[in-house]
Amino acid sequence: MNATSVTPARTTGARPARRRLRHSLYVAPALALIVLFVYYPIVENIRLSLYKYSAFSPVTRFVGLENYRQAAQDPVFWQALLNNVAYAAVSVVFQVGAALVLAAALEELIGRRLRGLLRTVYFIPAAVSMTVTGLLFQFLYQPDAGLVNGVLRAVGLSSLEHDWLGDPGTAIWGVITMSQWQSFGYTTMLLTVAVQRVPRELYESAHMDGAGRVRTFFTITVPMVREMTGLLVILTVSQAFLVFNEVMVMTGGGPSNSSQVLGTWLYSSAFTGDDMGYASAIGTVMFLITFAAGALQLIHSRRKAAR
Amino acid sequence: MRPAAVISVCLLTLLLTACGQAPIRTTPGDFTLSGRPSGHLTVLEKWADPEYAPYFEEAARAYEKRNPDVTIELQAVGDQPYKDRIAVLAAARRLPDIYFSWPGRYAGKFADGKMAADLTSQLKNTTWGRSFEPEALDAFTFRGRIHGVPLDMDAKVLVYNKRIFAKAGVREPRTFPALLTACDRIEKAGYVPIAFGNQYGWPAGHLLTQFNAMEVPPAVLARDYAGRGGDGAFHHPGYVRALEDLRRLRERCFAPGGTSMSHESAQARLLYGKAAMQYVETLEFSYLSEAGGAPKSFARDWDFFALPAMPGAAGSPRALAGGTDGLMVSGNSPDKALAVDFLRFLTSRTRARALVHDLGWLSSVKGTADAGTLRGLPKAQRTIAGHDMAVWLDTAADDKIVNPYLSAAESVLSGRMTPQRAIVEVRRGAEQARRFGVRP
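As they're listed, the protein sequences go chains A and B.
Throughout the first sequence, residue numbering follows the numbering used here, covering 28 to 334 in sequence.
Throughout the second sequence, residue numbering follows the numbering used here, covering 10 to 449 in sequence.
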């Protein structure tokens, strides 16, 4: 075998290796950043949750799972978790279910010109800062001069007037309502795009077969936009468990911790209670919940796609 | 801040802790300046409000002008951001040379963690130390050692609209039952007796600070607040009576809806003649003046009195909720002598008088109240001098007790819990704090 016949073989063997190396180099910076800023903090957070320590003391104490036991015995933790679950449930109903109905209605029932205007109107709240929205709704909920009680008085329902954010029974619902108002238009926009991508022929043949609008919605629209609704369920559930600003601005978790969510309780435990290890444990629980919600939804979507 | 960010901050804290500095032992020699002052000082405080910040910036510039070889890096943030930032810096052992502190346990944490320089040699039985009101220095004294320099004095009093009091035929009440009777009369006259906004919980905490101090013996209170009460913590009957006092105020003096209203919104009711009284900090007096935005009708016609005690209470009948804010020198500061020199300048009689004049605050430096032009300041000074200062519950008590206590107070205020049930919740919180305590 002469040299000329060997060289090409060497070249073809080396090229993929070099290409792989080059590709790895391209990916390396992003990978390093993800490891440093995403995975390392997660692992460190889990490690920290096994310690008791104060920001003001150099002493740290390994306590094993005691922070998790503390959470299990902490009524505020359970109240916060329950509030997050309520937040997630209401958000899925409104920001996925009701938003899909609205998106379909906008496409089916509303004229093109009005449709554009309505989409903009629905989207505007999503463009307003959360702090501004929180303060705005604080005014709306004010017991004596607020719009909500004013409207109730005006329509003769004075008996329903309430200190919406001041009553432990209604405070979290006041925050959840505000959140739906703000995010509803955004998810409607996303779902409108998904509905527009459904082939028109499917609707036409359904109409020819005598299917009404409701039937068409459930048999064509819902299955055809499943990918988008799946994604939105993951996003809304994750966001519901990571909620923080809304509660902090409107109620600060009160009254009597009734509107605490895991995020605000973590913050309060860390910076007011100076119990950093416990705060890390709450953070780990939040991570596990959102991770599980995302994983379950992904597995479910893949199974459906495979079928 | 989003939770992910909070978690990251916590993690960053740990990372920084790992490479942080070990505390340095303070010796009196650390405070001796060698030659002319020179160097760089970092200062972190919480007076970011546009009304207050210029005073501190001007003071720093004045010191720099007097000492051309010194530069001061002054950072001011709001109340809550300050708590967040100082916690992160403390955990990282990267405290600025000079930093703000509330009195009581809050300052004690820095002293216990050896993060605050021991200033006893500079302040005990020295000319500088004697220039301060004694109770102001006491607020930063832990186990006999002084760890902070007091700057201002603050107390909570009941400010009232004299015109409404006259219309309702009410005079300044001398006892707590007389206050409740006054509330009834004011309500009959068509006004809200006491404007109260408790959106963020601390106004109820301030009321409880005073009620607890009036109803519970000081030694018991100090022991329980510090988390040293053991199984008997918060069992003194005075705690229930304090919560009952709070409930009585709600029933007879507050308007409905105070739980979700901010303190500032409630204050508007006082300023615009809808409410007769409000429980106000003396630091807030500037807001009650025309220059501070109050209408002329109110700004010229108000007075105040200390919240009166229930006769026969077991605590101090002359308790007054309040505190003194101060500044501490980092135990790790490489230039403690320069830091102390700047603090001497900041609390000199001239600067203290400027603080009273420019900000309308009471200074912790003796004999400065007459420098102010604000209505009520000299009387406030006399009131503080004639009472026993009860440091704010949220800075005096152990961190883990504060949340259950404020939460229980909110439940009493909203009528969802009796005082007896509320104190059980507080005991449970104290027990949890003991069982899962942070400190070894």
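Heads up, the beta-carbon is just placed ideally off N, CA and C, and yes, glycines get one too.
| What number of angstroms, rounded off, separates the C-alpha of Phe456(B) from the C-alpha of Leu192(A)? | The displayed coordinates of chain B run from 10 to 449. Any statement about residue 456(B) would go beyond what the structure contains.
| Do Asp93(B) and Phe185(B) have their C-beta atoms within less than 8 Å of each other? | no
| In chain order, what residues of the same chain have a beta carbon less than 6 Å from the beta carbon of Leu402(B), not counting five sequence neighbours either side? | Gly214, Leu217, Thr218
| query | Over what stretch of residues does the beta strand (DSSP E) that includes Ile247(A) continue unbroken? | reply | Taken as a continuous stretch (DSSP letters only), Ile247(A) belongs to no beta strand (DSSP E), as it is neither H nor E.
| task | Could you list which residues in chain A have their beta carbon closer than 9 Å to that of Asp350(B), in chain order? | result | Those do not exist, as Asp350(B) stays about 26 Å from chain A at its closest Cβ, beyond 9 Å.
| request: Along the alpha helix (DSSP H) that carries Thr204(A), what are the first and last residues, could you check? | output: 198-223
| query | How about the segment 152-166 of chain B and the segment 124-133 of chain B: do they share at least three Cβ pairs that are nearer than 8 Å? | reply | yes
| task | State the Cα-Cα distance for the pair Phe245(A) and Gly239(A), rounded to the nearest angstrom. | result | 10 Å
| query | Counting pairs of Cβ atoms below 8 Å between the segment 277-293 of chain A and the segment 246-263 of chain A, do you hit three or more? | reply | no
| message | Can you give me the C-alpha to C-alpha distance between Met270(B) and Asp240(B), rounded to a whole angstrom? | response | 36 Å
| Closest Cα partner of Ala116(B) within the set Asp379(B), Arg391(B), Val433(B), Ala99(B) | Ala99(B)
| query | In whole angstroms, what separates the C-alpha of Ser342(B) from that of Glu82(B)? | reply | 14 Å
| message | Just to confirm, is the Cβ distance from Ser76(A) to Ala267(A) under 8 Å? | response | no
| task | Just tell me which of Trp370(B), Val225(B), Ala96(B), Ser43(B) has its CA closest to the CA of Pro105(B). | result | Ala96(B)
| query | Where does Asp301(A) land, buried or exposed, given buried means 16+ other C-beta within 10 angstroms? | reply | buried
| message | My parser needs the alpha helix (DSSP H) runs of 4 or more residues fully inside the segment 160-204 of chain A; what are they? | response | 174-181
| task | Count the CB pairs spanning the segment 190-204 of chain B and the segment 369-377 of chain B that are closer than 8 Å, and state whether there are at least three. | result | no
| Within 10 angstroms of its Cβ, does Glu93(A) collect 16 or more other Cβ (buried), or is it exposed? | buried
| query | How is Asp58(B) classed by DSSP in three states: helix, strand or coil? | reply | coil
| request: Rounded to whole angstroms, what's the CA-CA distance from Ala406(B) to Thr299(A)? Just pull it up for me. | output: 12 Å
| message | Pull the bridge partners of Glu82(B) from the DSSP assignment, please. | response | Thr51(B)
| With 16 other Cβ atoms within 10 Å as the buried cut-off, status of His234(A) | exposed
| Nearest chain B C-beta to Ser76(A) closer than 8 Å, yes or no? | no
| What are the start and end residues of the beta strand (DSSP E) that includes Pro246(B)? | Element bounds for Pro246(B): not the beta strand (DSSP E) but the alpha helix (DSSP H), 246-261.
| request: Answer with yes or no whether the minimum CB distance from Ala405(B) to chain A is below 8 Å. | output: no
| message | Looking at the strands, I want to know which residues DSSP matches up with Asp397(B). | response | Ala328(B)
| query | Using a beta-carbon distance cut-off of less than 8 Å, what residues from the segment 279-306 of chain A approach chain B? | reply | Gly279, Gly281, Pro282, Ser283, Asn284, Leu289, Gly290, Leu293, Tyr294, Ser295, Ala297, Phe298, Thr299, Gly300, Asp301, Asp302, Met303, Gly304, Tyr305, Ala306
| C-beta atoms of Phe307(B) and Gly385(B) nearer than 8 Å | no
| query | Residues in the segment 163-181 of chain A with C-beta within 9 Å of chain B's C-beta atoms, listed in sequence order? | reply | Gln165, Tyr168, Gln169, Pro170, Asp171
| said: Can you check whether the C-beta of Pro85(A) is within less than 8 Å of a C-beta belonging to chain B? | reply: yes
| Does the segment 349-362 of chain B come close enough to the segment 273-281 of chain B that 3 or more CB-CB pairs lie under 8 Å? | no
| message | For a contact defined as C-beta to C-beta under 9 Å, what are the partners of Ala501(B) on chain A? | response | Residue 501(B) is absent from the structure shown; chain B starts at 10 and stops at 449.
| said: What does the alpha-carbon distance come out to for the pair Gly44(B) and Val70(A)? | reply: 51 Å
| Are the CB atoms of Tyr149(A) and Gly196(A) nearer to each other than 8 Å? | no
| request: Report the three-state DSSP secondary structure of Thr147(A) (helix, strand or coil). | output: helix
| task | Quick one: give me the first and last residue of the alpha helix (DSSP H) that Gln429(B) is part of. | result | 428-444
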